[in-house]
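**Student:**
There are 2 protein chains.
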Amino acid sequence: MNEEEQQLNKVLMLFYFGYRTFTEKPDQMIEKYGIQRVHHRILFFIARVPGITVNDLLSILEVSKQALNAPLRQLYEKNLIKMVHADYDKRFKQLYLTDQGKQLESELSHVQREQMKTIFNSLGGNHQEAWIDVMNVLAKVRPGQQFFNEQNGERCD
Amino acid sequence: MNEEEQQLNKVLMLFYFGYRTFTEKPDQMIEKYGIQRVHHRILFFIARVPGITVNDLLSILEVSKQALNAPLRQLYEKNLIKMVHADYDKRFKQLYLTDQGKQLESELSHVQREQMKTIFNSLGGNHQEAWIDVMNVLAKVRPGQQFFNEQNGERCD
DNA sequence: ACAAATAGGTCAATTATATTGTCCTAATAA
DNA sequence: TTATTAGGACAATATAATTGACCTATTTGT
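In order, the protein sequences belong to chains A and U.
As numbered in UniProt numbering, residues 1 to 157 make up the first sequence, in order.
As numbered in UniProt numbering, residues 1 to 157 make up the second sequence, in order.
Right under this line is the structure:
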């Protein structure tokens with residue numbers, strides 16, 4: 001067991017512990033709304049890609065449509081998201097946050113942004129860029145990544 | 001929505017996508033052993049802290065003892081871990097990997113180490129250090145972190 | 001010696017998250 | 001007009017986690 005291997009074992013541990021801390025605060029905050037982490041993820045990605053269709057959201061989250069359906073309905077019933085039949089094809093439903101949904105999503109993501117911003121600022125230098133570079137290599141293999149590569153906030157056809 | 005906020009929203013997305021890629025390969029590898037991610041985490045931490053007690057492992061994983069008990073029993077039944085009553089207090093059970101457990105843990109962690117190593121090496125510079133610095137800030141608030149701060153591989157009393 | 005505390009195990013009920021499979025409607029395309 | 005597609009719904013199942021209650025064995029403190 002050489003030193004490099006030990007360092008990399010620490011990296012694996014840090015990934016586990018780090019992600020846990022990252023998700024901790026929003027998990028606590030959403031409890032009182034009667035929703036869970038999966039709902040937070042949905043709110044987050046609808047906020048990033050307003051007007052996204054159900055199928056495209058599925059490919060970002062990489063879950064089955066049955067897994068998405070229930071939390072989506074719950075968010076609708078809690079008036080946190082809107083569904084609009086697309087003009088260009090009425091089979092498609094486009095998903096948007098309601099004002100209430102925008103408010104909640106913004107609160108949740110704000111906490112995480114501040115958490116990361118504080119860390120990047122306290123470490124200074126090029127820590128933020130370096131961290132992003134590393135995570136980008138991991139993230140780029142995800143199918144949902146395609147929605148965030150370029151300037152396609154809505155859809156292009 | 002200024003540029004900094006957009007950059008930080010990307011950071012949140014990268015954390016989700018990145019962690020997903022990080023856990024993907026071991027998840028697939030352990031399928032054929034009939035175990036899941038929770039078992040991998042247990043194997044990983046027993047490998048890092050051989051002789052750890054059940055209670056200490058609980059505090060690292062931050063789950064209830066009921067949540068740990070079943071997967072621990074399954075790993076024992078599959079001959080991947082050993083349990084030894086501690087010399088210093090027979091109430092304590094010390095956990096160790098069997099040779100088979102060491103073999104499997106080493107395969108799983110090897111894949112993740114290589115994945116991260118490849119990324120760090122390809123990006124070069126101080127990317128590895130910077131990434132570790134950032135994750136260390138997040139990880140240090142975890143209670144289980146105490147087992148990895150200094151030179152206490154076993155226990156000190 | 002005996003009561004209290006500790007480490008750990010077990011059983012039950014519940015919740016959340018996810019899967020696959022099947023079947024359905026509505027809308028569009030060939 | 002048939003086939004395909006987007007989406008929804010229901011059922012059965014699996015995994016992962018919770019809280020609560022109760023049990024044994026061991027050690028500690030009085």
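We treat Cβ as the ideally placed atom computed from N, Cα and C, and that holds for glycine.
Find out if the Cβ-Cβ distance for the pair V141/U, T23/A is shorter than 8 Å.
**Tutor:** no
**Student:** Measure the C-alpha to C-alpha separation of G124/U and Q115/U and round it to an integer number of angstroms.
**Tutor:** 14 Å
**Student:** Could one say the Cβ of V84/U lies closer than 8 Å to chain A's Cβ atoms, at least one of them?
**Tutor:** no
**Student:** Does the beta-carbon of R48/A have 16 or more other beta-carbons within 10 angstroms, so that it is buried, or is it exposed?
**Tutor:** buried
**Student:** Checking 8 Å against the spacing of the C-beta atoms, do V111/U and K25/U come in under that value?
**Tutor:** yes
**Student:** So R41/U and L8/A are supposed to be a Cβ contact under 8 Å. How far apart are they, rounded?
**Tutor:** In fact, because the Cβ distance is near 17 Å, the residues do not count as touching under 8 Å.
**Student:** Which term fits Q146/A, buried or exposed, when burial requires 16 or more other beta carbons within 10 angstroms of its beta carbon?
**Tutor:** exposed
**Student:** From which residue to which residue does the beta strand (DSSP E) around Q94/U run?
**Tutor:** Start and end: 93-97.
**Student:** For the segment 93-114 of chain U, enumerate the residues whose C-beta is nearer than 7 Å to any C-beta of chain A, in chain order.
**Tutor:** S109, Q112, R113
**Student:** If the cut-off is 9 Å on Cβ atoms, which residues from the segment 19-43 of chain A count as contacting chain U, listed in chain order?
**Tutor:** Y19, R20, T21, F22, T23, E24, R41
**Student:** So for I52/U, helix, strand or coil by DSSP?
**Tutor:** strand
**Student:** Answer yes or no: do F45/A and I35/A have a C-beta to C-beta separation smaller than 8 Å?
**Tutor:** In terms of Cβ geometry, F45/A and I35/A do not form a close pair [threshold 8 Å].
**Student:** Name the residue from P143/U, N149/U, W131/U whose alpha carbon lies nearest to the alpha carbon of residue 159/A.
**Tutor:** Because chain A here runs from 1 to 157, residue 159/A falls outside it and cannot be looked at.
**Student:** Quick test of the definition: if touching needs 3 or more C-beta pairs under 8 Å, does the segment 82-92 of chain A touch the segment 86-97 of chain U?
**Tutor:** no
**Student:** Please report whether the beta-carbon of V141/U lies at a distance below 8 Å from any beta-carbon of chain A.
**Tutor:** yes
**Student:** Under 8 Å, do L104/U and L61/U count as touching if we go by C-beta distance?
**Tutor:** no
**Student:** Does the beta carbon of N121/U sit closer than 8 Å to a beta carbon anywhere in chain A?
**Tutor:** So, not an interface residue.
**Student:** Could you tell me whether any Cβ in chain U is nearer than 8 Å to the Cβ of M13/A?
**Tutor:** For M13/A, the answer is yes, since a Cβ of chain U falls inside 8 Å of its Cβ.
**Student:** Going along the chain, which unbroken runs of the alpha helix (DSSP H) with 4 or more residues stay wholly within the UniProt domain "HTH marR-type" (5-140) of chain U?
**Tutor:** 37-48, 54-61, 65-77, 99-123, 127-139
**Student:** Using CA coordinates, which residue listed in V63/A, Q128/A, M135/A is at the minimum distance from E4/U?
**Tutor:** That would be Q128/A, whose Cα lies nearest to the Cα of E4/U.
**Student:** Buried or exposed: where does P143/A fall if 16 or more other Cβ atoms within 10 Å of its Cβ makes it buried?
**Tutor:** exposed
**Student:** Indicate whether at least one CB of chain U lies closer than 8 Å to the CB of V137/A.
**Tutor:** yes
**Student:** Pull up the distance between the alpha-carbon of Y58/A and that of K78/U, whole angstroms please.
**Tutor:** Note on residue identity: the sequence assigns Leu, not Tyr, to residue 58/A. Roughly 36 Å between the two C-alpha positions.
**Student:** Compute every distance between the C-beta of Q128/A and the non-hydrogen atoms of the ligand ATP, then say whether any falls below 7 Å.
**Tutor:** Here there are no bound small molecules, and the ligand ATP is not part of this structure.
**Student:** Answer with buried or exposed for Q151/A, where buried requires no fewer than 16 other C-beta atoms within 10 angstroms of its C-beta.
**Tutor:** In this prediction, Q151/A has a pLDDT of 44, which is less than 50 and means its spatial position is unreliable; nothing more can be read from the coordinates.
**Student:** For A130/A, decide whether its Cβ has a neighbour in chain U, counting only Cβ atoms nearer than 8 Å.
**Tutor:** yes
**Student:** Chain U partners of L58/A, CB-CB under 8 Å?
**Tutor:** None at all; the shortest Cβ gap to chain U is about 14 Å.
**Student:** Does the Cβ of V84/U have 16 or more other Cβ atoms within 10 Å, making it buried, or fewer, making it exposed?
**Tutor:** exposed
**Student:** Relative to the C-alpha of K82/U, which residue among L68/U, N69/U, D99/U, Q66/U is closest?
**Tutor:** By alpha-carbon distance to K82/U, the top candidate from L68/U, N69/U, D99/U, Q66/U is D99/U.
**Student:** Chain A partners of Y88/U, CB-CB under 8 Å?
**Tutor:** Contact of Y88/U with chain A by beta-carbon distance below 8 Å is absent, the smallest such distance being about 26 Å.
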